[in-house]
Amino acid sequence: MKTMIKPIFIRFTVALMAIFFELCTWTADAQSTLERAEAFVRAGDWDKAHSVLAPEMERVPLATDARAWFVLGFIQKEQFKASGGSGQDADDRNRAVGSLQRAMTTGGLSASDEQTARDALDFLARSYFRDAIERVEGFTLGAEPEILALMGRYESILQTLNPMYDVSEQRADLHRYLGQAHARLLEAQRFADTPKEQALFDAAVNHYVTSLKFVPAHYPTLYNLSITLYNHGVRQLKRINHETSMFELMEIQDVCVGLFEEALIPMQKAHEQRPDRLETLKGLMTVYYALSRPDESEVYKRKIAAVLKKK
Amino acid sequence: MSQGTTNDIDETDTRAVTKANFLFHFAASNEWPVSVKEGAFHLAVVGNERLYAELLDKYAMKMIGAQPLQVHGYAQVRDLPLDDFQHLVYCDVGGAALKSLAREFEETPTVLVSDSPDGLEQGAVINFVSIGNRIRYEINAPDAAKKGVLIGNKIMSWAVK
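Protein chains in written order, with the working numbering: chain A, 66 to 376; chain H, -9 to 151.
1. Note down, one range per segment and in chain order, each alpha helix (DSSP H) of at least 4 residues found wholly within the stretch 327 to 357 of chain A.
2. With Gln235 of chain A and Asn289 of chain A assumed to form a contact (beta carbons below 8 Å), what rounded beta-carbon distance in angstroms separates them?
3. Go ahead and label Gln180 of chain A buried or exposed: buried means 16 or more other beta carbons lie within 10 angstroms of its beta carbon, across all protein chains shown.
4. Verify the CB distance criterion: does Asp0 of chain H have a CB-CB separation below 7 Å to chain A?
5. Who are the Cβ neighbours of Asp82 of chain H in its own chain at under 7 Å, not counting the five residues just before and after it?
6. Let me check understanding here. Comparing Cα to Cα, which of A:Val274, A:Lys347 and A:Ala371 lies closest to Leu239 of chain A?
7. Pairing CB atoms from the stretch 113 to 122 of chain H with CB atoms from the stretch 60 to 75 of chain H, are three or more of them under 8 Å?
8. Report yes or no: do the stretch 9 to 23 of chain H and the stretch 303 to 321 of chain A share at least 3 C-beta pairs separated by less than 8 Å?
9. If we count the other Cβ atoms within 10 Å of its Cβ and call it buried at 16 or more, is Ile259 of chain A buried or exposed?
10. Examine chain H for any beta-carbon lying closer than 7 Å to the beta-carbon of His297 of chain A, and answer yes or no.
11. For the alpha helix (DSSP H) containing Ser192 of chain A, name the first residue and the last one.
12. Applying the criterion that 16 or more other CB atoms from any shown protein chain within 10 Å of the CB defines a buried residue, is Glu100 of chain A buried or exposed?
13. Got a sec, what are the start and stop residues for the alpha helix (DSSP H) Ser120 of chain H sits in?
14. Determine whether the beta carbon atoms of Ser164 of chain A and Leu137 of chain A lie at a separation below 7 Å.
15. For the stretch 4 to 55 of chain H, which segments carrying the beta strand (DSSP E) assignment without a break, of at least 3 residues, lie completely within its bounds, in sequence order?
16. Can you pull the chain A neighbours of Phe16 of chain H, defined as C-beta to C-beta under 9 Å?
17. Say whether the stretch 20 to 31 of chain H touches the stretch 57 to 71 of chain H, bearing in mind that this needs 3 or more beta-carbon pairs closer than 8 Å, one atom from each stretch.
18. Listed in chain order, which residues of the stretch 113 to 146 of chain H have Cβ atoms closer than 8 Å to some Cβ of chain A?
19. Determine, for Glu148 of chain H, whether the minimum Cβ-Cβ distance to residues of chain A falls below 7 Å.
20. How close, in whole Å, do the beta carbons of Glu252 of chain A and Asn(-3) of chain H come, if the pair is a contact with beta carbons under 8 Å?
21. In three-state DSSP terms, what is Val162 of chain A?
22. Residues of chain H with CB under 8 Å from Tyr365 of chain A, in chain order?
23. How would you write the range of the beta strand (DSSP E) that Pro71 of chain H sits in, first residue to last?
24. Go ahead and pull the three-state DSSP assignment for Ala264 of chain A.
25. Pick out the complete alpha helix (DSSP H) segments inside the stretch 234 to 299 of chain A, 4 residues or longer, and give them in chain order.
26. What is the residue span of the alpha helix (DSSP H) that Gly109 of chain H lies within?
27. Would Asp187 of chain A be called buried (16 or more neighbouring beta carbons within 10 Å of its own) or exposed?
28. My assumption, with CB atoms under 8 Å, is that Arg200 of chain A sits in contact with Ala208 of chain A. Please give the rounded CB distance.
29. What is the DSSP secondary structure of Tyr219 of chain A, reduced to helix, strand or coil?
30. Could you tell me the alpha carbon to alpha carbon distance between Ser19 of chain H and Gly142 of chain H, rounded to whole angstroms?
31. Return the CA-CA distance between Leu226 of chain A and Phe135 of chain A, expressed in angstroms with no decimal places.
32. Which class does Leu206 of chain A belong to by DSSP, given the choice of helix, strand or coil?
33. Give the residues from the stretch 9 to 37 of chain H that approach chain B closer than 9 Å (Cβ to any Cβ), ordered along the chain.
34. For Phe194 of chain A and Ser221 of chain A, what's the separation of their Cα atoms in angstroms?
35. List the residues of chain A that Tyr64 of chain H touches, going by C-beta distances under 8 Å, in chain order.
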């Protein structure tokens, strides 16, 4: 009996062709998946486009296809817009950022796709910023972690788009806003004489101090910090009544004077920047008065009169 | 979001708040002669409207022993009715006006309180002073004793002089 023995090169060629055909099939499948998704994109059917493309993205070759990630990111961005979602839990937005960032880091995007991806990321970054600011404006106790997380995402996208981007100014703004938000709750008296009052005060001061680390000579931050310190001292004083013992009075006075002395420093720095500004002149007049330094208080009282005379 | 300043400075007269409490303690913690321990306890403020308002707001009608506290306010020394007895008089002005008032109260149990660098020299029994950015007070205890007013231990222990 004669045994047929295939030469080794024939067997290799057959195997190679099999692999080639398999690859072609994969590529064709991938191309067809992407094309089908893009067709849905053109029709504005984001959900169908997503359902076609998303399940295939972790498989070769789409997993390493920058354009596929770009298209997916674009679809997810549109889904986010259509959903009207906001906050940390807007999954479409988080996914869109991830896909677009992957598209850019994978490399190989055309110039126009790259620009569109950057624009889309910029849009998403600004949406995080808007959400953070909205939460600061309607600030409630306990909202801070989410606000910081939203701002963190905003900054991280900005730095993806431009690794040299300096976020100091944004951070200074954010901490100033958070300082103001805490100070507003403090002034609202809702938390008066509760443990939360001290926590609000500490948070307001810490945010202002952090903001000043990023932008040290920021006039409104200096002024607001001073007011927060001073008003907190006055808040303690106002609680003095006929039941306050002499010992308690002395203790309260010590605490208040400490706060007034602290308030004086940022108020003076703010005043140095805008010497004719009435609010800081009034601030210095008031703080010096509270510190039982009538002569210095009088100096600022006279300056107020001089500024008003000029007007 | 606003870029500017937000909260306004609290315009409460902080010194008036502290002084009002001190005055209440001066009223409540000293021992007054029996002859003036009936009826209302009278505390007059001269020349400090905000201190008067603070006292009215927080301390008026509170009991000084068995006497309800009555607070009176006068813009100037000459407005103070000297024929009406006051247990405690706070005078915001110093100098000659303070001296003349002290003279009026010399033979009475009225304790005159001032806020003037030379308040005790001008005849006040208690004078507010500023030490380390804080309000404190000094006392002329012998003068108080001459008036038959015994300065309480608590008050004496916190005095700077």
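Heads up, the beta-carbon is just placed ideally off N, CA and C, and yes, glycines get one too.
Reading off the structure:
1. 343 to 355
2. About 18 Å separates the two Cβ atoms, so there is no contact after all.
3. exposed
4. yes
5. Val36, Gly37, Asn38 and Asp105
6. A:Val274
7. no
8. yes
9. One point to set straight first is that residue 259 of chain A is Thr, not Ile, in the sequence displayed. So Thr259 of chain A counts as exposed.
10. no
11. Ala176 to Glu202
12. exposed
13. From DSSP, Ser120 of chain H is part of no alpha helix (DSSP H) but of the beta strand (DSSP E) over Ile116 to Ile121.
14. yes
15. 31 to 36
16. In chain order: nothing, as chain A lies at least about 10 Å away.
17. yes
18. Ser120, Gly122, Asn123, Arg124, Ile125, Lys144 and Ile145
19. In the sequence as presented, Glu is not what sits at residue 148 of chain H; that position holds Trp. It does; some Cβ of chain A falls within 7 Å.
20. 6 Å
21. helix
22. Correct list: empty, because the minimum Cβ distance to chain H is about 12 Å.
23. Here Pro71 of chain H belongs to no beta strand (DSSP E), and DSSP marks it neither H nor E.
24. helix
25. 260 to 279
26. No alpha helix (DSSP H) holds Gly109 of chain H; DSSP gives it neither H nor E.
27. exposed
28. 5 Å
29. helix
30. 5 Å
31. 15 Å
32. coil
33. Absent here is chain B; the protein component of the structure consists of chains A and H.
34. 11 Å
35. The premise fails here: Tyr64 of chain H is roughly 22 Å from chain A at the closest Cβ pair, so nothing lies under 8 Å.
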